[in-house]
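2 protein chains.
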Amino acid sequence: MSVQERKERERAARERLILATARELAEQQGWDAVTTRRLSERIEYSQPVLYSHFRGKREIIGAVALEGATEMAAALRAATSAADGPRARVTALARAYLDFAARNPAVYDAMFQLDGGLAFANEDTPQPLKDGFAALLESLGEVAGDGVHPGLFTEVFWAALHGLATLTRAGRLPPEDTEPRVELLVDRLAMV
Amino acid sequence: MSVQERKERERAARERLILATARELAEQQGWDAVTTRRLSERIEYSQPVLYSHFRGKREIIGAVALEGATEMAAALRAATSAADGPRARVTALARAYLDFAARNPAVYDAMFQLDGGLAFANEDTPQPLKDGFAALLESLGEVAGDGVHPGLFTEVFWAALHGLATLTRAGRLPPEDTEPRVELLVDRLAMV
DNA sequence: TCGCTTGTCTAGCGGTGCTAGGATCGATTC
DNA sequence: GAATCGATCCTAGCACCGCTAGACAAGCGA
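For the protein sequence lines, the chains are A and B, in the order given.
Using numbering that gives the first Met the number 0, you'd call the opening residue of the first sequence number 0 and step up by one each time.
Using numbering that gives the first Met the number 0, you'd call the opening residue of the second sequence number 0 and step up by one each time.
Below, the structure is given as structure tokens:
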């Protein structure tokens, strides 16, 4: 069975190569530049090879989104675990969230702006996405306030962060005032 | 000069036809379905005619976005003017904003999700967009709270609304709980 | 070594945004 | 009223897109 195992290893390696290349190209030139032709050229295989790994471009975006969700959840947990007290955790969480979105715009797009064919907010939602929301919930649930459902509070806080992230990146909000916006948001929303 | 005037009238009418058709098609089947071929077929002119009115598809999207901004500003002002007191105005504003986004998803996309080639947050920003932000500022400035810059507060509140609108529409948030989310948002952010 | 499966590539389909260049229509002038 | 000439519009085509059928070659097991 060694031959088959080797082939599977090679195949898995190539799949990682495809995703890493797609992600790199998207971060460099935007997702519009990630065409199947350019992508296949960069990985030094022909176009049909892509379709032996993914159903199509949408599924490639979705795979990058899942990668990103895992990384983001880790980044959020790392940020909150280094902070003392509920309030500080929420501030750290907000900063880490916006920081991730700013540093990985293409990945953030894959997760929340583009259609990666992923299910959301239901039982078919892939684990990395659920886990990302869970990472938010862990810190935000602490400061929801009396009588406020933690899930609902997390949704609202998350929506605010998402709005700040996307509007800033799209040039709708000047990027300089990000920090005071975060402070205002935490100040008002978090019941210390 | 009557001939020239008639031609200009006809030209303006055709431009309105292009925009109305693009908008209708986008609302019915999404912006992906708005191709220059389909659009030209629906207006019963050939493709190049589109390019005698607009530089390209991007500029058509931008024109629809400006139309939408004007309408949205009017809708927001209508909603707030019918409410009594700062707090009620903000609630009405938030509901009207989310309602507009839900009822005109394609127009909302043109304004905030797609690239319509429009300038934002600087001196080149078209008047309708500035006015839309002004409509938000009028009601939100009242409840920013002491020592908080009204513009900054408006940005944060707007970002939260934008996040709720986009995440809901993309299926990231279940649509049922929109109303409690609005109440929570206004409760926490507005300093009565 | 042979046959066969598995994997990869070439070539091409129908679609996209956009444009060059020719045809036609109609207003202006004689 | 006819001829001219410029504005206006369309046909045809470019390069590119996502995706796939079918030919071909490489490497496996017998």
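Ideal Cβ placement from N, Cα and C applies to all residues, glycine included.
Because the structure is a prediction, the values reported are computed rather than measured.
At a C-beta separation below 9 Å, A:PRO85 has no neighbours in chain B, since its nearest C-beta there lies roughly 16 Å away.
In this structure, the CA atom of A:ALA159 is about 25 Å from the CA atom of A:ALA25. Interface residue (Cβ-Cβ distance to chain B less than 7 Å): A:VAL155 is classified as such. As the crow flies, the alpha-carbon of B:VAL142 is around 17 Å from that of A:GLU182. Taken in chain order, the members of the stretch 168-184 of chain A whose beta-carbon sits within less than 8 Å of a beta-carbon on chain B are ALA169, GLY170, ARG171, LEU172, PRO173, ASP176, PRO179, ARG180, LEU183, LEU184. The Cβ of B:LEU136 sits no closer than 7 Å to any Cβ of chain A. Residue environment for A:ARG8: exposed (fewer than 16 other C-beta atoms within 10 angstroms of its C-beta). Judged by beta-carbon spacing, B:GLY115 lies within the 7 Å limit of B:GLY61, meaning their Cβ atoms are closer than that value. Taking a C-beta distance under 7 Å as the contact criterion, B:TYR107 and B:ALA100 qualify as a contact pair.
The beta-carbon of B:ALA143 is placed no less than 7 Å from the nearest beta-carbon of chain A.
Within a 10 Å sphere around the beta-carbon of B:GLU4 sit fewer than 16 other beta-carbons, which makes this residue exposed. Taking each of B:THR153, B:ARG168, B:ARG22, B:ASP31 in turn and checking the Cα distance to A:ARG171, the smallest one comes out for B:THR153. When Cβ-Cβ separations below 7 Å define contact, A:GLY61 makes no contact with chain B. Per the coordinates, the alpha-carbon of B:ARG57 lies some 11 Å from the alpha-carbon of B:THR35. The C-beta distance from B:ASP130 to B:ALA72 rounds to 5 Å, short enough to meet the 8 Å contact threshold. Within a 10 Å sphere around the beta-carbon of A:ASN121 sit fewer than 16 other beta-carbons, which makes this residue exposed.
Interface flag for B:ALA158 against chain A is set, since a Cβ pair is found closer than 7 Å.
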